[in-house]
Amino acid sequence: MELDERKEKILKAIIQNYLETGEPVGSRTISKYSDLKLSSATIRNEMSDLEELGYIIQPHTSAGRIPSDKGYRFYVDQLIHEKETEVTQVRDMVIQRVDRVELLLKQMAKLLASNTNYATLISGPQYHQTKIKFIQLSRVEAGKLLIVTVLEGNIIKNSIVALDAELTDEDILNLNILLNSGLNGLTMEQINLDVITRMKGQAGERSHIVDVVLSEVAEAIRSGEEDLQIYTEGTTNIFKYPELSDGAKASQLIGTLEQKDLWREILTEDDADSDKKNEIQVYIGSETQVQSMKDCSIVTANYELGDGLRGTIGIVGPKRMDYDKVVSTLRSLKSQLDQTFNHKDTE
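Under this note's numbering, the first residue of the sequence shown carries the number 13, and numbering increases by one thereafter.
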């Protein structure tokens with residue numbers, strides 16, 4: 013059954029009032045909304061219908077009603093205005109083009125937590141799509157070679173390998189030139205057999221070094237995938253809300269927020285789903301599929317910082333979070349990142 017216009021307005025009024033106060037909402041409160049112009053009796057009847065339809069529920073100790081997960085879902089899908097709330101600090105920070113991705117993501121997490129007053133978790137970029145920017149070989153001691161790999165965003169990976177034969181300074185210089193001319197601007201997925209064969213042919217007697225370097229670069233990138241960073245800020249923000257501040261519940265929630273493996277899974281799921289890559293997703297209560305977060309909502313958005321540097325932002329708060337503000341803030345951030353890093357004009 014679809015909701016008629018009157019039921020939609022009443023549901024919206026209930027949700028907005030509950031978002032603001034955190035208190036169950038009664039018919040008398042809703043009757044004060046000037047644009048409704050309905051009696052308390054009429055509103056009670058409509059609220060009864062909304063309850064039967066599963067959009068609102070009655071807490072055990074109150075005569076008022078609060079939104080159900082279904083009610084929140086309807087509000088998020090149907091009633092939120094598509095607007096952007098510009099975050100000045102984020103705009104200024106993005107304009108500065110912070111050189112290190114890690115620093116940029118830490119700053120973004122801190123500013124979003126401060127702006128929304130909820131917890132913010134941001135996944136670092138997934139390296140398999142990240143381009144190689146620079147490779148530097150250098151001798152650290154007899155028979156050992158340092159391989160420094162710089163990826164886009166100035167992500168640096170180091171490794172030391174043992175060699176069967178000593179390399180001269182000229183060998184190292186020539187290999188550095190060869191590796192950078194052959195690999196600069198490529199992702200690991202683009203380094204195919206043709207690329208490897210060509211480079212090994214050019215390396216001549218030192219072709220085995222090309223295999224060693226490529227193996228180490230691939231391993232560095234794989235380990236980066238396994239150790240995907242999660243940047244977290246504002247964890248204590250969500251305990252400002254009474255429904256999440258109960259001792260046992262708060263303790264359980266803190267434990268959940270500290271489970272990096274869980275958040276890697278949650279935050280990389282949307283990026284792996286091609287249908288969700290460019291969308292803002294809202295997971296309400298049980299939709300999170302995490303028992304300890306049944307009273308929370310998660311809003312996620314993917315970010316892109318140039319070719320191959322992609323990850324996901326997650327905002328965590330109570331189910332009665334200010335969805336309008338969170339969604340519009342994330343829209344604004346995505347827009348600013350696109351304009352700055354991806355040269356996209358957004359409308």
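Just so it is clear, CB atoms sit at the ideal spot from N, CA and C, and this is done for glycine as well.
As the structure is a computational prediction, the values presented were derived from the model and not from experiment.
Rounded to the nearest angstrom, what separates residue i and residue j at their Cα positions?
i, j, result
"residue 155", "residue 174", "6 Å"
"residue 359", "residue 339", "Confidence at residue 359 is low in this model, with a pLDDT of 47, below 50, so its placement is unreliable and the value that follows should be read with caution. Spanning the two alpha carbons is a distance of roughly 16 Å."
"residue 115", "residue 274", "23 Å"
"residue 55", "residue 240", "51 Å"
"residue 343", "residue 53", "40 Å"
"residue 176", "residue 117", "41 Å"
"residue 231", "residue 145", "16 Å"
"residue 259", "residue 267", "12 Å"
"residue 228", "residue 193", "18 Å"
"residue 18", "residue 47", "11 Å"
"residue 222", "residue 321", "26 Å"
"residue 42", "residue 59", "10 Å"
"residue 350", "residue 124", "17 Å"
"residue 163", "residue 189", "17 Å"
"residue 394", "residue 328", "The chain is shown from 13 up to 359; residue 394 falls before or after that span and cannot be answered."
"residue 278", "residue 234", "19 Å"
Is residue i near the ligand FMN, judged by its Cβ being under 8 Å from some heavy atom?
i, result
"residue 299", "The model on display carries no ligand, and the ligand FMN is accordingly not part of it."
Is it right to say residue i is buried, meaning 16 or more other beta carbons lie within 10 angstroms of its own, or is it exposed?
i, result
"residue 143", "buried"
"residue 70", "exposed"
"residue 296", "buried"
"residue 210", "exposed"
"residue 29", "buried"
"residue 170", "exposed"
"residue 399", "The structure shown has nothing for residue 399, since the chain only spans 13 to 359."
"residue 62", "buried"
"residue 137", "buried"
"residue 73", "exposed"
"residue 161", "buried"
"residue 205", "exposed"
"residue 36", "buried"
"residue 135", "buried"
"residue 27", "buried"
"residue 346", "buried"
"residue 128", "buried"
"residue 314", "buried"
"residue 90", "exposed"
"residue 168", "exposed"
"residue 153", "exposed"
"residue 348", "buried"
"residue 245", "buried"
Check the C-beta distance from residue i over to residue j and give it rounded, since I have them as a contact under 8 Å.
i, j, result
"residue 324", "residue 280", "7 Å"
"residue 23", "residue 86", "7 Å"
"residue 197", "residue 317", "Actually they do not touch by this definition, with Cβ atoms about 16 Å apart."
"residue 243", "residue 121", "5 Å"
"residue 256", "residue 307", "6 Å"
- prompt: Between the segment 331-347 and the segment 72-88, do at least 3 Cβ pairs fall closer than 8 Å?
  reply: yes
message: When you compare the segment 147-154 with the segment 180-190, are there three or more beta-carbon pairs, one atom per stretch, that lie closer than 8 Å?
response: yes
- request: Mind the definition here: the segment 247-259 touches the segment 205-219 only if three or more C-beta pairs lie below 8 Å; say whether that holds.
  value: no
- request: Would you list, in sequence order, the uninterrupted beta strand (DSSP E) runs of no fewer than 3 residues that lie entirely inside the segment 127-198?
  value: 131-135, 144-153, 156-163, 167-174
task: Would you mind listing the alpha helix (DSSP H) stretches within the segment 256-324 that are 4+ residues and don't spill past its ends, in chain order?
output: 259-269, 272-284
field: Whole runs of the alpha helix (DSSP H) within the segment 33-72, excluding any shorter than 4 residues
entry: 39-43, 52-64
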